[in-house]
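Letter 33 of the sequence shown, counting from 1, is numbered 32 in numbering that gives the first Met the number 0, and no numbers are missing.
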Amino acid sequence: MLVVHFTEYDTRVAAYAVIVDEHQRLLLTWYNGEGRHDPGWSLPGGGVEYDETLEEAVVREVYEEAGYRVDVGFPLTTQAWGHRNGTTRSDKPYKAVKVLFDATIIGGALGTVEIGGSTDFAEWVPLDDLDRRGRRADVVDAGISAWTRSRSLEVPGRHD
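Put into C-alpha cells, the structure is as follows:
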C-alpha cells in the first residue's frame, strides 16, 4: 500500500443534505455536468467554502440548489475517494471527502436560485421511483442507505 502524506495531495470537502418528506420522497438536484462530467441526479450539496462549517455549507447549498431553508441534523455517513493522477487544478493526487447530513425543511419553496452553477433544477422523487429516473451519483445511494439505517435505529416512543 502506497502511503501519501496529507501535505502531498489536494483535498476537497463537500457536505450534502438527505431530505425525505412525509410522502417518502427524496429531494434531488439535477447536476448538469458542467461540460466535464455526465449529468445526473445528486443530493443537494457541494463544496465547503474555506470560512464555512459543514453545516453552514449544507444550509447554503440546499438554498442555492433547491430553494429551501433547512435545519441541519446529525451526520449520517461519509464518503471518500481519490485518484492519483492529479486534477486540472494541480498535478498532486486528489481526495474528495463528502459528509452527508440528515436535514429538515423549515422554509422556502422548491426552485433553484443559483445562476450559472452546476445545478439546473431540483425535484422531489418518490423513493420507490429512483431506479426509473436515470443516472444518479453514488452519493444518492449512500444517502438513502444511511438515512434508512438511521431510521431503523430510532427507538419507538423515545423523544429526546
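Every residue gets a Cβ at the ideal spot worked out from N, C-alpha and C, and that includes glycine.
Being a predicted model, the structure only gives us computed values, none of them experimental.
- Task: Could you tell me which uninterrupted beta strand (DSSP E) segments, each at least 3 residues in length, are contained entirely in the segment 45-111, listed from first to last along the chain?
- Result: 67-82, 93-107
- Tell me whether Ser41 is buried or exposed, calling it buried when 16 or more other Cβ atoms sit within 10 Å of its Cβ. Position 42 of the sequence shown, counted from the start, is the residue given in the question as residue 41. Answer is buried; the Cβ neighbour count reaches 16.
- Query: Would you say the segment 73-84 touches the segment 55-63, given that touching needs at least three Cβ pairs under 8 Å?
  - Reply: no
- Message: Is the beta carbon of Phe120 closer than 7 Å to that of Thr111?
- Response: By one-based count along the sequence shown, residue 111 stands at place 112. By one-based count along the sequence shown, residue 120 stands at place 121. Their beta carbons are under 7 Å apart, which means Thr111 touches Phe120 by this criterion.
- Task: Give me the Cα-Cα distance between Asp50 and Val57, rounded to the nearest whole angstrom.
- Result: Along the sequence shown, one-based indexing puts residue 50 at 51. Along the sequence shown, one-based indexing puts residue 57 at 58. Between Asp50 and Val57, the C-alpha separation is close to 13 Å.
- Query: Between the C-alpha atoms of Asp37 and Asn31, what's the straight-line distance to the nearest angstrom?
  - Reply: What you label residue 37 is simply residue 38 of the sequence shown in a count that begins at 1. What you label residue 31 is simply residue 32 of the sequence shown in a count that begins at 1. In a straight line, the C-alpha of Asp37 is about 7 Å away from that of Asn31.
- Cα separation between Ser200 and Ala16? Since the first residue of the chain shown is 0 and the last is 159, residue 200 is not available in this structure.
- Item | Spatial neighbours of Glu53 in its chain, beta-carbon cut-off 7 Å, leaving aside the 5 residues before and after | For the purposes of this step, residue 53 is identified with residue 54 of the sequence shown, where counting begins at 1. One point to set straight first is that residue 53 is Leu, not Glu, in the sequence displayed. If we look at Leu53 and ignore the five residues flanking it on each side, its Cβ neighbours are Ala14, Val47, Val98.
- Just confirm the distance between the C-beta atoms of Ala95 and Arg11, as a whole number of angstroms; I'd bet it's less than 8 Å. By 1-based counting over the sequence shown, the position of residue 95 is 96. By 1-based counting over the sequence shown, the position of residue 11 is 12. Confirmed, Cβ separation roughly 5 Å.
- Which residue from Gln23, Gly44, Tyr93 puts its Cα closest to that of Thr221? No statement about residue 221 is possible, as the shown extent of the chain runs from 0 to 159 and does not include it.
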